[in-house]
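Asker: Here's a structure for you.
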Amino acid sequence: MNKRKVLHTELCDMLGIEYPILLAGMGGLAGEGHSAQPKLVGAVSNAGGMGVLGATGLPLDELRAEIREIKSLTDKPFGVDVLLPSALAEAPPADMSLAEMKRKFVPKEHIDFVEKLAEDYGVTLAETKQEFIFTEEHSKKQIQVMLEEGVPLFCSAVGILEWVVPMAHEGGMKVLGLAGNVRGALRHKKAGADFIVAQGHEAGGHTGRVSTFALIPQVVDTVSPTPVLAAGGIGDGRGLVASLALGAVGVWVGTAFLFAEEASITDIHRKMMMDATEEDTAVSRVWTGKTLRQIKNPIQEAFDKSGMPALPMVTQVLLMADLIDSLADVEKYDLLCAPTGQIVGMLKETKPAKQILDDMVDGAIKLLGQTLPDKVRIES
Ligand SMILES: Cc1cc2nc3c(=O)[nH]c(=O)nc-3n(C[C@H](O)[C@H](O)[C@H](O)COP(=O)(O)O)c2cc1C
193 MNKRKVLHTE LCDMLGIEYP ILLAGMGGLA GEGHSAQPKL VGAVSNAGGM GVLGATGLPL
253 DELRAEIREI KSLTDKPFGV DVLLPSALAE APPADMSLAE MKRKFVPKEH IDFVEKLAED
313 YGVTLAETKQ EFIFTEEHSK KQIQVMLEEG VPLFCSAVGI LEWVVPMAHE GGMKVLGLAG
373 NVRGALRHKK AGADFIVAQG HEAGGHTGRV STFALIPQVV DTVSPTPVLA AGGIGDGRGL
433 VASLALGAVG VWVGTAFLFA EEASITDIHR KMMMDATEED TAVSRVWTGK TLRQIKNPIQ
493 EAFDKSGMPA LPMVTQVLLM ADLIDSLADV EKYDLLCAPT GQIVGMLKET KPAKQILDDM
553 VDGAIKLLGQ TLPDKVRIES
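In the working numbering, the protein residues as written are 193 to 572.
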């Protein structure tokens, strides 16, 4: 019998996994739950990579239930990804309802704009029923749940990790921080993160200004010997090999795993991804106040064209919450945020997560096994 070849880096030893491929945490999508939910996390971990649960916005009981579900699906290591509130400097008091916060913090001009948008798209605005959980207190409780449940890896894209690292390490949990520039990567290193993801502009979801190709080697050089994973636009074996060539020890993959059969996304999001070219995504602050890449949509375009300044993160979320929930209630998912990276133009097939991972590994092994990539010659 043909034994599968192994693609191994130091990341595999550090995390106890077979292949240096992590499923990126993906969460917080209205109408879709979260994309990187237990089934997908379990499938990626079982296939030899590492699944990471996108747990942003999950109340504590749901977080615990989903971690337990993952543990029932796999005995392999996995991670949990949340947004931390330390980046949300203007976080309002936790005991206010979202509606009260909105009245207090969101400017009338912005509210009028969103009400007009709702009218234009024939949606009756209802007050959101979401609770506000972006507080440091809630984050500490989330981490406590992760420690109690023995989660091996804590991940966060937004937020500073200073207070997380000692708490996690004391409970035996490793910490991964994501950065879109060298300064952010250095901050994670100083805070004691075990791994740093350097993520380029191409990525789906919140993203910075520097492209993957330029960012990876600069972060690798700056934070060495802290291991770096590459993210943003990695969709097959070529992306994995390029990441390793740039000095990364592994990859953090979001958009490509949205094409997994196990991914929890709406049929509309899936169709939008199938139809999208590499030019059909846009970066906008409309949904969260921070730059976020998604498939272009009319709400995002209307906001961006209006010239209306985006509000700081929490305030913009408050502004949009009623509209998002009201659109989701009437299943107008095509008007909602569909975070997706530029690599989407290349990906057109839904497959089991294991197949996506195996194809990436096999492609990388084939490429690395060649003396030189196709069409490259060295002459003397
Ligand atoms: C649908 C979707 C949802 C995402 N949700 C989150 C999230 O909740 N928290 C987070 O830190 N990053 C989130 N991201 C970013 C991913 O974790 C990851 O950094 C990114 O997808 C990597 O780039 P790629 O899409 O080009 O692979 C999301 C990305 C996508 C595509």
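In this text, a Cβ means the ideal position worked out from N, Cα and C, and glycines have one as well.
Count the other CB atoms, across all protein chains shown, that sit within 10 Å of the CB of Q534; report buried if there are 16 or more and exposed otherwise.
Answerer: buried
Asker: Output the distance between the C-alpha atoms of R485 and A468, rounded to the nearest integer angstrom.
Answerer: 13 Å
Asker: Answer yes or no: do G481 and V509 have a C-beta to C-beta separation smaller than 8 Å?
Answerer: Contact flag set, yes.
Asker: Measure the alpha-carbon distance for A310 versus D526 and round it to whole angstroms.
Answerer: 14 Å
Asker: At what residue ranges does the segment 231-294 contain a whole run of the alpha helix (DSSP H), taking only runs of 4 or more?
Answerer: 252-265
Asker: Give the secondary structure of A475 by DSSP, where H, G and I count as helix, E and B as strand, and everything else as coil.
Answerer: It is Val, not Ala, that sits at residue 475 in the sequence shown. Three-state result, V475: strand.
Asker: Between the beta-carbon of I426 and the beta-carbon of V411, is there less than 8 Å?
Answerer: No, they are not a contact pair.
Asker: Using the Cα positions of L280 and S348, report the straight-line distance between them to the nearest angstrom.
Answerer: Its pLDDT being 48, under 50, L280 is placed unreliably by the model, and the measurement read from it follows with that caveat. Cα to Cα, the separation comes out at about 14 Å.
Asker: Exposed or buried, which one is T320 when buried takes at least 16 other CB atoms within 10 Å?
Answerer: buried
Asker: State the CB to CB distance for the pair L199 and M242, rounded to an integer number of angstroms; the pair is presumed to be in contact (CB under 8 Å).
Answerer: With 8 Å as the limit, L199 and M242 do not qualify as a contact, their Cβ atoms being about 14 Å apart.
Asker: Using the C-alpha atoms, what's the distance from T507 back to K488?
Answerer: Spanning the two alpha carbons is a distance of roughly 22 Å.
Asker: Report yes or no: do the segment 453-472 and the segment 370-389 share at least 3 C-beta pairs separated by less than 8 Å?
Answerer: no
Asker: Less than 8 Å between the beta carbons of V433 and L549, yes or no?
Answerer: no
Asker: Confirm the yes/no value for this check: CB of G369, any heavy atom of ligand 1, distance under 7 Å.
Answerer: no
Asker: In chain order, what residues of the same chain have a beta carbon less than 6 Å from the beta carbon of P531, not counting five sequence neighbours either side?
Answerer: G396, G397, Q486
Asker: Do P544 and ligand 1 come close, with the Cβ less than 7 Å from some heavy atom?
Answerer: no
Asker: Within 10 Å of its beta-carbon, does R477 have 16 or more other beta-carbons around it, so buried, or fewer, so exposed?
Answerer: buried
Asker: Output needed for Y313: all residues of its chain with C-beta closer than 8 Å, excluding positions within five of it in sequence on either side, in chain order.
Answerer: Cβ within range, chain order: P490, I491, L519, K524, L527.
Asker: Quick check on DSSP: helix, strand or coil for F451?
Answerer: coil
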